[in-house]
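Student: As they're listed, the protein sequences go chains A and B.
Numbered continuously in my numbering, the first sequence closes out at residue 340.
Numbered continuously in my numbering, the second sequence closes out at residue 680.
There are 2 protein chains.
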Amino acid sequence: MNLKEFSELLGLSPTTVSRALGGYPEVKEDTRRRVHEAALQHGYRPNRRAAALATGRAMAIGHVIPISLNHEMVNPVFADFIAGAGEIYAAAGYDMTMSVVPDGEELRVHRQMALTGSVDGVIVHAPRENDPRIPMLQEFGIPFVVHGRVPDTELTYNFVDVDNARAFRRATDLLLDLGHRRIALVNGLQHMDFARRRRQGYLAALDARGAPITSDLQVSAEMSERMGFLAAQRMLALPAPPTAFLVSSLIMAIGVRRAIHDAGLEMGRDISVVTHDDMLGYLANGDEVPLFTATRSSVRAAGRRCAEILLGRIPNPDAPPDQEVWESELVLGASTGPAP
Amino acid sequence: MNLKEFSELLGLSPTTVSRALGGYPEVKEDTRRRVHEAALQHGYRPNRRAAALATGRAMAIGHVIPISLNHEMVNPVFADFIAGAGEIYAAAGYDMTMSVVPDGEELRVHRQMALTGSVDGVIVHAPRENDPRIPMLQEFGIPFVVHGRVPDTELTYNFVDVDNARAFRRATDLLLDLGHRRIALVNGLQHMDFARRRRQGYLAALDARGAPITSDLQVSAEMSERMGFLAAQRMLALPAPPTAFLVSSLIMAIGVRRAIHDAGLEMGRDISVVTHDDMLGYLANGDEVPLFTATRSSVRAAGRRCAEILLGRIPNPDAPPDQEVWESELVLGASTGPAP
DNA sequence: CGGCGCAGCCAAAGCGGTTTGGCTGTCCGC
DNA sequence: GCGGACAGCCAAACCGCTTTGGCTGCGCCG
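(1) Nearest-angstrom Cα distance between His191 (chain A) and Ser297 (chain A)?
(2) Can you give me the Cβ contacts of Ala253 (chain A) inside the same chain, cut-off strictly under 7 Å, excluding the 5 residues immediately before and after it?
(3) Which full runs of the alpha helix (DSSP H) of 4+ residues lie inside the region 561-648 of chain B, going along the chain?
(4) Assign Ile341 (chain B) to one of two classes, buried (16 or more other C-beta atoms within 10 Å of its C-beta) or exposed (fewer than that).
(5) Measuring only the C-alpha atoms, how far is Leu380 (chain B) from Arg373 (chain B)?
(6) Taking 7 Å as the CB-CB cut-off, is Asn47 (chain A) touching chain B?
(7) Check each candidate in B:Leu409, B:Tyr429, B:Met399 and name the one with the smallest Cα separation from Ala647 (chain B).
(8) Under 6 Å Cβ to Cβ from Phe6 (chain A), same chain only, skipping five residues before and after it: list those, please.
(9) When the cut-off is 7 Å and only beta carbons count, does Thr97 (chain A) lie next to chain B?
(10) What residues of chain B sit near Met235 (chain A), judged by a beta carbon separation below 9 Å?
(11) Put Asp547 (chain B) into one of helix, strand or coil per three-state DSSP.
(12) Beta-carbon separation of Asn498 (chain B) and Val485 (chain B) under 7 Å?
(13) DSSP three-state label for Asn527 (chain B), please.
(14) Output needed for Met453 (chain B): all residues of its chain with C-beta closer than 7 Å, excluding positions within five of it in sequence on either side, in chain order.
(15) Taking all protein chains shown into account, decide if Tyr364 (chain B) is buried (16 or more other Cβ within 10 angstroms of its Cβ) or exposed.
(16) Out of B:Glu377, B:Asn625, B:Ala419, B:His411, which one is the CA nearest neighbour of Val639 (chain B)?
(17) Using 7 Å as the threshold, is the C-beta distance between Gly281 (chain A) and Met413 (chain B) below it?
(18) With a CB to CB cut of under 7 Å and the five nearest residues on each side skipped, what residues in its chain are close to Asp270 (chain A)?
(19) Indicate whether at least one CB of chain A lies closer than 7 Å to the CB of Val596 (chain B).
(20) Quick check: is the beta carbon of Ser564 (chain B) nearer than 7 Å to any beta carbon in chain A?
(21) For Phe484 (chain B), write down the residues that DSSP places opposite it in a beta bridge.
(22) Anything in chain A within Cβ reach of Gln530 (chain B), meaning under 9 Å, just list it in chain order.
(23) Can you say whether Gln353 (chain A) is buried or exposed, counting buried as having 16 or more other CB atoms within 10 angstroms of its CB?
(24) Can you look up Leu349 (chain A) in the DSSP assignment and give me helix, strand or coil?
(25) Per DSSP, which one or two residues make a beta bridge with Pro406 (chain B)?
(26) Is there a Cβ from chain A that is less than 7 Å from the Cβ of Val639 (chain B)?
(27) Whose C-alpha, out of B:Lys344, B:Gly677, B:Glu669, is nearest the C-alpha of Arg509 (chain B)?
(28) Would you mind telling me which residues of chain A sit closer than 7 Å to Gly457 (chain B), beta carbon to beta carbon, in chain order?
(29) Does the Cβ-Cβ distance between Asn527 (chain B) and Arg537 (chain B) come in under 7 Å?
(30) Determine, for Met73 (chain A), whether the minimum Cβ-Cβ distance to residues of chain B falls below 7 Å.
(31) Kindly indicate the opening and closing residues of the beta strand (DSSP E) around Asp501 (chain B).
(32) Excluding the 5 residues flanking Ser353 (chain B) on each side, which residues of the same chain have their C-beta closer than 7 Å to its C-beta?
(33) Go ahead and label Thr15 (chain A) buried or exposed: buried means 16 or more other beta carbons lie within 10 angstroms of its beta carbon, across all protein chains shown.
(34) Under DSSP, the beta strand (DSSP E) around Val665 (chain B) begins and ends at which residues?
(35) Using only CA atoms, which one of B:His450, B:Pro416, B:Val502 lies nearest to Met563 (chain B)?
(36) At which residue ranges does the region 5-47 of chain A contain complete alpha helix (DSSP H) runs of 4 or more residues, listed in the order of the chain?
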């Protein structure tokens, strides 16, 4: 059933029906009600594609989520981010179009989204050093929000980011305060901006206290349980093993915990662990007492906020950029204690 | 830049340009090359919305992913399923439109997708008992594929499912063979079809061997680490604690493992664990030797297959239904041993 | 040499909405 | 009694593409 048929059914013109449904004031309240009822009864809904074409707005937001080539893995934080953003889109009547693309092909897909007008805006996930997507999107003039930041570029775009450097500096300071000196960093892949910043915070804290900095105690890897396990296992076998781990994600931290157990040690007594916690739904960090001492920031809330900002930009794209750097909480859990 | 402008630029008619780009044979090879080059150079790409309207095909597939009301959690298997499906869509030039909706609102969203013609087909996630989505989609005549099945309905639709009953029956048999009698089931929510079937398999195996069946040893909960932990913790404190756990997801199993450790027991020696493993990218089940003995089936492969089937139905929707029930592997890991 | 077939291009009619710019009729004020 | 304002409806022009159904001109055959 299309608008023409439906309006004939009602004995009205397409114009009036469209306006009645669209909530415009030019139709009598009586007529509007009649139209609404008939729409419900006959199951008429305006065709989205046609409406998109006519209005020039697609009522859709694009997400391009990268999937790592090596291990074919998609970062589990996306699910929660998407859930957050999805809430906002649903409330505003927007769709979310998603592409899952291999690392490195994001540029092409973003370009296509911009060029074909299939979306009104995009979210940039997982920004990297010198990320080419940002200048490209700016050139195309399509609204976008970055989840994270890019180093060494002019910050003329919208973004929501956690203060990763500060979070990991504070976490490192905590471990130093507890007397730890050999503190290991189990980080995400180094070309990711968040990993770089976390490492900066870690190094800055060690440096400020004159604690030793070794490459032995720094690992960058994909954020899987397995990589956390392997990294910790290797480090625990060193002649001078670390007494504390600083880990970039809860899922890696679970791997680290496993390595600690396997080595016959006890987490929180023999070895301390601080992790970043994205507050994923299916991976709560304990109950009242957090399992892990953690720097904590909800990735789902970030998803919500990115979506809000993006939708806000669509009507007026030339407003000054919205930029938010979130402080993460540092919560004390059962995984840290004084250095042995 | 639109088709009209672009074709004027080339001194050709819109028709010819459209055909050249579309790969139709009515244009000279020479002209086609010229058009392609110009398109690349001027960054022209046909507007997807307009193309969708003209062809009647949206070139998009809808996914509606439910998010549990209680704990606001989105099942982590979706990320991997989506990644698999996304591969197929990308190769076929399809988009994926996703809605994240609270439990129970899926019906409304599916209806809207069907009615507004914003997608050419949909994937039904997480089917439940008497799921109203299936008859509704059938009535609307929009192609769809169910990831899973629904009990007690005529199986006249397309689906890809794991043989959950058989997988858990085999797993239970394994534990019984090892001498275990008090075997606990830590399952997903009971209204989910897969959870129901797994329970059936578990009960059938116990029943066949005359092993005791107690409600004390059966839990249905959301599949988070926390719920796995709490369930196992509670059961281990029973007067007659289980000697083995059968768990519905690796993430829950990690919680179970934690509870076992906390109780001062060792997994694989004091307590056995068998889990279902969806083979999520970031949660590999160990290396050469699996960490957990597991029934194993790749949810990502299921995503790929569902997408393939769905795309195949779009050209001929009236073909007999594609139905696949996958056998899952039973892999032996370090988490099982003879009953103490 | 006339006619037919075909390669190669084009004009125009959709697809299903939204929106601009009327048009009618009623009501009110002077 | 007349003019203007306004409520309420409608016709028609888009939006940007695809696709049907020509049209032209050339080559080939009888």
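We treat Cβ as the ideally placed atom computed from N, Cα and C, and that holds for glycine.
Tutor: Reading from the atomic positions:
(1) As a first step, residue 191 (chain A) must be located in the first sequence, where it is residue number 191. As a first step, residue 297 (chain A) must be located in the first sequence, where it is residue number 297. If you take the alpha carbons of His191 (chain A) and Ser297 (chain A), they lie about 21 Å apart.
(2) For this step, residue 253 (chain A) is matched to residue 253 along the first sequence. Cβ neighbours of Ala253 (chain A) beyond the five flanking positions: Gly228, Val247, Val273, Thr275, Phe292.
(3) 565-576, 590-602
(4) Reading the second sequence from its first residue, position 1 is the one you call residue 341 (chain B). As written in the sequence, residue 341 (chain B) is Met, which differs from the Ile given in the question. When all chains shown are included, Met341 (chain B) counts as exposed.
(5) The sequence position of residue 380 (chain B) within the second sequence is 40, counting from 1. The sequence position of residue 373 (chain B) within the second sequence is 33, counting from 1. Approximately 11 Å between the Cα atoms of the pair.
(6) Numbered from its first residue, the first sequence carries residue 47 (chain A) at position 47. Chain B, which has a Cβ nearer than 7 Å to the Cβ of Asn47 (chain A), makes this yes.
(7) Translated into positions along the second sequence, residue 647 (chain B) becomes position 307. Taking only the C-alpha atoms, the option nearest Ala647 (chain B) is B:Tyr429.
(8) On the first sequence, residue 6 (chain A) is found 6 positions in, with the first residue counted as 1. Only Tyr44 meet the Cβ criterion.
(9) Here residue 97 (chain A) corresponds to residue number 97 of the first sequence, with the count starting at 1. Residue contact with chain B for Thr97 (chain A): present (Cβ-Cβ distance below 7 Å to some residue of chain B).
(10) Along the first sequence, read from residue 1 onward, the residue named residue 235 (chain A) stands at position 235. Here the premise fails: no neighbours, minimum Cβ distance about 17 Å.
(11) Here the question's residue 547 (chain B) lines up with position 207 in the second sequence. The answer is helix: DSSP assigns Asp547 (chain B) an H, G or I state.
(12) Position 158 of the second sequence, counted from the start, is the residue given in the question as residue 498 (chain B). Position 145 of the second sequence, counted from the start, is the residue given in the question as residue 485 (chain B). Yes, they are a contact pair.
(13) Numbered from its first residue, the second sequence carries residue 527 (chain B) at position 187. Three-state result, Asn527 (chain B): strand.
(14) Within the second sequence, residue 453 (chain B) is the residue found at index 113, counting from 1. Same-chain partners within the cutoff: Gly402, Val459, Val462.
(15) Here the question's residue 364 (chain B) lines up with position 24 in the second sequence. Under this definition Tyr364 (chain B) is an exposed residue.
(16) Sequence index remark: in the second sequence, residue 639 (chain B) carries index 299 (1-based). Of B:Glu377, B:Asn625, B:Ala419, B:His411, the residue nearest in Cα terms is B:Ala419.
(17) The residue you call residue 281 (chain A) lines up with position 281 of the first sequence. The residue you call residue 413 (chain B) lines up with position 73 of the second sequence. Taking 7 Å as the Cβ cut-off, Gly281 (chain A) and Met413 (chain B) qualify as a contacting pair.
(18) By one-based count along the first sequence, residue 270 (chain A) stands at place 270. Pro340, listed in sequence order.
(19) Position 256 of the second sequence, counted from the first residue, corresponds to residue 596 (chain B). When Cβ-Cβ separations below 7 Å define contact, Val596 (chain B) makes no contact with chain A.
(20) In the second sequence, residue 564 (chain B) corresponds to position 224, counting from 1. Yes, Ser564 (chain B) counts as interfacial toward chain A.
(21) To locate residue 484 (chain B), count along the second sequence from 1; it is residue 144. The partner list for Phe484 (chain B) (beta bridge, DSSP) reads B:Val462.
(22) Residue mapping note: residue 530 (chain B) aligns to position 190 of the second sequence, counting from 1. Simply none; closest approach about 18 Å.
(23) Any property of residue 353 (chain A) remains undetermined from this structure, which presents chain A solely from 1 to 340.
(24) There is no way to answer for residue 349 (chain A), as the model of chain A reaches only from 1 to 340.
(25) Reading the second sequence from its first residue, position 66 is the one you call residue 406 (chain B). DSSP lists B:Val441 as partners of Pro406 (chain B).
(26) As a first step, residue 639 (chain B) is located in the second sequence; it is residue number 299 there, counting from the start. With 7 Å as the cut-off, Val639 (chain B) does not count as an interface residue toward chain A.
(27) Counting from 1 along the second sequence, the entry for residue 509 (chain B) is found at position 169. Residue B:Glu669 is the option with its Cα nearest to Arg509 (chain B).
(28) Along the second sequence, read from residue 1 onward, the residue named residue 457 (chain B) stands at position 117. Asn47, Arg48, Arg49, listed in chain order.
(29) Position 187 of the second sequence, counting from 1, holds the residue named residue 527 (chain B). Position 197 of the second sequence, counting from 1, holds the residue named residue 537 (chain B). Going by C-beta atoms, Asn527 (chain B) is not nearer than 7 Å to Arg537 (chain B).
(30) Stepping through the first sequence from its first residue, residue 73 (chain A) is reached at position 73. Yes, because at least one Cβ of chain B sits closer than 7 Å to the Cβ of Met73 (chain A).
(31) Within the second sequence, numbered from 1, the residue matching residue 501 (chain B) stands at position 161. Residues 498-502.
(32) Mapped onto the second sequence, residue 353 (chain B) falls at position 13. Same-chain partners within the cutoff: Ser347.
(33) Reading the first sequence from its first residue, position 15 is the one you call residue 15 (chain A). Thr15 (chain A) comes out exposed.
(34) Within the second sequence, the letter at position 325 stands for residue 665 (chain B). Counting along the chain, the beta strand (DSSP E) containing Val665 (chain B) begins and ends at 663-666.
(35) On the second sequence, position 223 is the one that residue 563 (chain B) refers to. For the residues B:His450, B:Pro416, B:Val502, the minimum Cα distance to Met563 (chain B) belongs to B:Pro416.
(36) Scanning the region 5-47 of chain A from its first residue to its last, the whole alpha helix (DSSP H) runs of 4-plus residues come out as 14-22, 29-42.
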